[in-house]
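Please read the structure below before turning to the comments.
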């Protein structure tokens with residue numbers, strides 16, 4: 002636990018680069034040091050425990066897939082897929098997300114229902130924006146329910162899982178926006194959008210979280226050739242947001258509710274919002290007709306969670322973190338692999354990199370404990386290395402997390418206490434000549450406050466050492 | 002938790018392949034299903050807890066590195082490195098192990114000491130032998146201590162960590178073979194091996210765990226041009242194995258102890274074996290002059306653990322699992338990146354894929370619980386979906402792991418009980434008309450034995466439901 006670091010200056014790094022080796026990670030990737038990892042593991046542990054609370058199992062798929070498996074799944078983003086060099090043999094690509102490998106897994110193994118989570122890295126040759134958490138290698142954290150079930154039942158659980166996770170992560174208040182692909186499609190039909198323009202107009206609507214309506218309308222009319230009247234009709238709909246009452250309002254819109262797509266979508270939303278009320282997540286949900294979501298493969302309910310607070314700050318710059326979770330229903334993706342057999346799916350993906358950015362921004366790095374060490378065994382005078390080793394072996398045998406300095410004769414007591422402070426180790430065991438002669442050790446609580454409490458240090462027999470340590474640790 | 006599977010027959014898989022998509026993972030890679038993952042996570046959790054017991058922190062590096070970082074590190078095995086396609090930009094390769102990225106990390110960040118573990122996948126374009134656990138994508142599980150410390154102190158802790166881990170994994174009794182590169186070098190010098198043949202003769206010695214001495218000698222003489230007399234002298238040395246007394250025996254060999262390399266190595270071994278005695282691992286250690294280890298970068302102590310039992314059986318075939326852990330001291334690797342600054346390192350790598358093969362072979366798959374679900378909420382008669390949802394929300398709010406069937410009206414009670422059995426869920430909560438009318442639920446212990454114990458089923462108020470469930474779960 003006595004990691005010593007001397008981070009290099011930028012000048013030294015430039016000097017390094019002048020050498021034969023360029024000492025860096027590839028563009029768009031980064032190392033995570035021990036403090037980053039402590040934060041990341043806390044996040045993953047919270048998320049995993051909630052996935053498990055809902056009965057999810059986990060599977061693992063390879064980091065690369067046959068190239069043809071990924072082909073034709075990501076539209077124009079396919080250019081961002083990393084290919085492996087053709088070194089003879091199969092053509093492979095690094096996975097772009099965890100959803101397509103999941104669909105391949107279901108189809109290949111003939112699995113007709115599964116509730117699974119998968120936390121793993123995915124790869125995109127995107128223009129990196131590391132400050133905003135957009136990288137070429139990043140974690141995805143997915144939960145999906147595959148299977149043929151009753152209307153909106155798994156969908157409601159997916160939203161409940163999203164809400165439980167965002168609540169547990171301490172990232173502030175959030176809103177889960179929900180909409181339905183069939184309501185959007187029906188709305189576009191009713192407004193008079195030509196069938197061949199529906200996907201591209203949907204993409205324009207998707208930008209409403211970053212652009213004003215005036216700019217989105219301009220894009221629809223000037224770039225995408227929509228008539229201004231049709232755009233204005235869309236403009237009226239996408240303003241609408243609310244909760245259960247919005248279902249009634251849309252039903253009362255005779256034109257909209259006369260459209261089969263819209264009607265089916267409104268019916269789904271009515272059922273879903275009722276279930277979300279039972280699940281106590283309705284107050285966090287906004288039925289929002291402006292939510293469109295980019296991905297082509299969604300076929301039903303779609304959702305996206307945003308934090309309500311103002312942008313956080315990283316390295317002195319404000320950072321818009323955008324959505325922290327998203328998902329939806331995709332009933333046709335598995336069928337692209339299995340041919341005849343359709344396996345309906347609904348899923349969520351937690352934006353863990355954004356969550357990491359938010360939480361890292363809140364934490365003072367010096368307070369993050371990156372090791373788990375409970376006891377540091379300190380030698381006085383001549384160092385008593387073999388006694389320290391014996392004591393550590395006793396502690397390890399009992400499962401106590403213990404370390405000692407790898408020196409026969411540490412410079413002095415102070416340098417060993419400093420390790421305890423730096424590594425936030427709560428207990429020190431001290432052995433010197435006197436202790437060895439008397440068959441005892443001192444145990445000292447490494448309290449940071451300057452209160453010189455009476456019970457700060459106790460002397461115990463070597464034979465009852467482990468017991469005493471365990472008792473003290475329990476009390477911390 | 003009600004994952005239903007109908008594994009495809011081979012004929013169906015062949016039919017799938019006739020389609021546009023080849024539904025398979027790339028050669029040498031595999032999916033891990035939920036039962037594999039449950040076993041794997043148990044293994045990782047045990048190993049991680051021991052790494053943490055010794056104060057190790059963890060870092061993470063990208064799955065690919067700049068190609069030049071990996072170049073010149075793996076000798077003739079460099080041909081097994083996976084390269085990413087050159088899609089414009091930097092040339093990158095998938096990591097081949099976790100040691101070189103660790104050395105790059107230390108040098109890049111000017112970290113002079115660190116005790117770290119890293120569990121992650123590495124990639125080798127090797128000829129796969131899946132049955133023997135040799136794959137193109139596989140986990141490594143490394144623990145390394147970097148820093149300038151006193152003689153053999155970190156080395157002893159590395160061996161102690163290896164021993165603690167192998168003991169905790171229930172893979173049967175094992176032996177940790179230890180040797181020293183400088184003893185080997187000195188031995189070859191004393192025997193009369195020409196300096197330019199030392200590495201290749203060392204590689205031949207490394208095969209003694211798979212080949213007889215006669216065959217190894219043949220390779221030395223016929224393929225590598227060593228004189229038979231020199232080979233015979235080596236043959237006398239590599240027979241030697243023992244414990245602390247072997248240090249004295251080697252010291253008494255005037256020719257060997259007159260060699261500076263051998264002398265230094267014997268001195269290290271004497272100190273190490275004393276420390277291992279203090280750490281209570283000496284009985285598991287064999288000082289074995291036939292251990293050579295392939296990797297070029299070792300500079301000091303080397304070690305390798307083997308299980309003592311006869312080969313295990315997988316798919317009806319005997320499987321030699323070989324070494325289950327290995328490692329050694331590599332004092333010069335970081336210097337290949339940092340130029341001037343030498344950072345001595347010692348490390349171990351646990352062969353988790355082999356451990357997985359051994360443990361999977363021991364377990365009956367049907368007994369492996371892959372989900373964490375504690376309670377299944379069952380509806381009678383009309384199904385009572387909304388009541389089941391309410392009950393689940395109550396349980397989830399309290400952190401209880403609960404599931405229910407995603408049907409408004411499940412077919413019958415039996416099909417829901419079957420889920421409990423299949424998924425090994427210990428408690429069922431049952432709601433029917435009578436329970437709803439009376440504001441109660443039934444809680445049933447899903448015991449497998451046929452004893453009809455009196456307390457198998459209790460009826461409790463809805464208001465005290467969570468409390469009752471938590472009490473019952475604690476008692477399980």
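Residue numbers (my numbering), protein chains in the order written: chain A, 2 to 477; chain B, 2 to 477. Here a beta-carbon is modelled for each residue, glycine too, at the ideal position from N, C-alpha and C.
Chain B residues whose Cβ lies nearer than 9 angstroms to that of residue i
| i | result |
| --- | --- |
| residue 90(A) | 27, 28 and 126 |
Top-ranked residue by Cα proximity to residue i, from the options
| i | options | result |
| --- | --- | --- |
| residue 65(B) | 96(B), 394(B) and 125(B) | 96(B) |
| residue 293(B) | 472(B), 283(B) and 305(B) | 305(B) |
| residue 414(B) | 399(B), 385(B), 401(B) and 391(B) | 385(B) |
| residue 199(B) | 209(B), 210(B) and 186(B) | 186(B) |
| residue 256(A) | 190(A), 275(A) and 228(A) | 190(A) |
| residue 188(A) | 103(A), 225(A), 254(A) and 356(A) | 254(A) |
| residue 165(A) | 59(A), 342(A), 53(A) and 425(A) | 53(A) |
| residue 467(A) | 422(A), 448(A), 447(A) and 442(A) | 442(A) |
| residue 127(B) | 119(B), 138(B), 437(B) and 118(B) | 138(B) |
| residue 1(B) | 297(B), 71(B) and 274(B) | The structure shown does not extend to residue 1(B), since chain B spans only 2 to 477, so no value can be given for it. |
| residue 37(A) | 434(A), 407(A), 383(A) and 363(A) | 363(A) |
Under 9 angstroms by beta carbon: chain A residues contacting residue i
| i | result |
| --- | --- |
| residue 38(B) | 58, 59, 60 and 61 |
| residue 84(B) | 85, 86 and 88 |
Beta-carbon proximity check, residue i vs residue j, cutoff 7 angstroms
| i | j | result |
| --- | --- | --- |
| residue 148(B) | residue 114(B) | yes |
| residue 307(A) | residue 324(A) | yes |
| residue 353(B) | residue 330(B) | no |
| residue 218(A) | residue 232(A) | yes |
| residue 27(B) | residue 458(A) | no |
| residue 380(A) | residue 411(A) | yes |
| residue 460(A) | residue 309(A) | no |
| residue 419(B) | residue 377(B) | no |
| residue 394(B) | residue 144(A) | no |
| residue 295(A) | residue 136(A) | no |
| residue 58(A) | residue 42(B) | no |
Continuous beta strand (DSSP E) stretch holding residue i: start and end
| i | result |
| --- | --- |
| residue 378(B) | 376 to 380 |
| residue 290(A) | Here residue 290(A) belongs to no beta strand (DSSP E), and DSSP marks it neither H nor E. |
| residue 141(B) | 138 to 147 |
| residue 64(A) | Segment: none, residue 64(A) is in no beta strand (DSSP E) and carries neither H nor E. |
| residue 262(B) | Unbroken run through residue 262(B) is the alpha helix (DSSP H), 261 to 279; no beta strand (DSSP E). |
| residue 428(B) | 428 to 432 |
| residue 114(B) | 112 to 124 |
Enclosing alpha helix (DSSP H) for residue i [first to last residue]
| i | result |
| --- | --- |
| residue 475(B) | 466 to 476 |
| residue 164(B) | 154 to 169 |
| residue 463(A) | Per DSSP, residue 463(A) belongs to no alpha helix (DSSP H) and is neither H nor E. |
| residue 176(A) | Premise fails: residue 176(A) lies in the beta strand (DSSP E), 175 to 181, not in any alpha helix (DSSP H). |
| residue 337(A) | 336 to 339 |
| residue 56(A) | Segment: none, residue 56(A) is in no alpha helix (DSSP H) and carries neither H nor E. |
| residue 446(A) | From DSSP, residue 446(A) is part of no alpha helix (DSSP H) but of the beta strand (DSSP E) over 441 to 446. |
Interface partners of residue i on chain B, CB under 7 angstroms
| i | result |
| --- | --- |
| residue 155(A) | 407 |
| residue 374(A) | 56 |
| residue 108(A) | 24 |
| residue 105(A) | 24 |
| residue 306(A) | By Cβ distance, chain B contributes nothing, its closest Cβ being about 18 angstroms from residue 306(A), past 7 angstroms. |
Interface partners of residue i on chain A, CB under 7 angstroms
| i | result |
| --- | --- |
| residue 390(B) | 276, 279 and 280 |
| residue 387(B) | 279 |
| residue 371(B) | 58 |
| residue 467(B) | Correct list: empty, because the minimum Cβ distance to chain A is about 13 angstroms. |
| residue 142(B) | Those within 7 angstroms of residue 142(B) in chain A number zero; the least Cβ separation is about 15 angstroms. |
| residue 130(B) | Under the 7 angstroms cutoff, chain A gives no residues; its nearest Cβ is about 16 angstroms from residue 130(B). |
Inter-residue CB distance, residue i and residue j (contact presumed, cutoff 8 angstroms)
| i | j | result |
| --- | --- | --- |
| residue 335(B) | residue 290(B) | No, residue 335(B) and residue 290(B) are not in contact; Cβ-Cβ is about 29 angstroms, not under 8 angstroms. |
| residue 141(B) | residue 121(B) | 7 angstroms |
| residue 69(B) | residue 23(A) | 7 angstroms |
| residue 361(B) | residue 40(B) | 6 angstroms |
| residue 401(B) | residue 375(B) | 6 angstroms |
Neighbour list for residue i in chain B, Cβ cutoff strictly below 8 angstroms
| i | result |
| --- | --- |
| residue 402(A) | 53, 54, 55 and 56 |
Under 8 angstroms from the C-beta of residue i: neighbouring residues of chain A
| i | result |
| --- | --- |
| residue 47(B) | Neighbours of residue 47(B) on chain A: none; closest Cβ ~12 angstroms, over 8 angstroms. |
Under 8 angstroms by beta carbon: chain E residues contacting residue i
| i | result |
| --- | --- |
| residue 66(A) | Among the chains of the structure shown, chain E does not appear; the protein chains present are A and B. |
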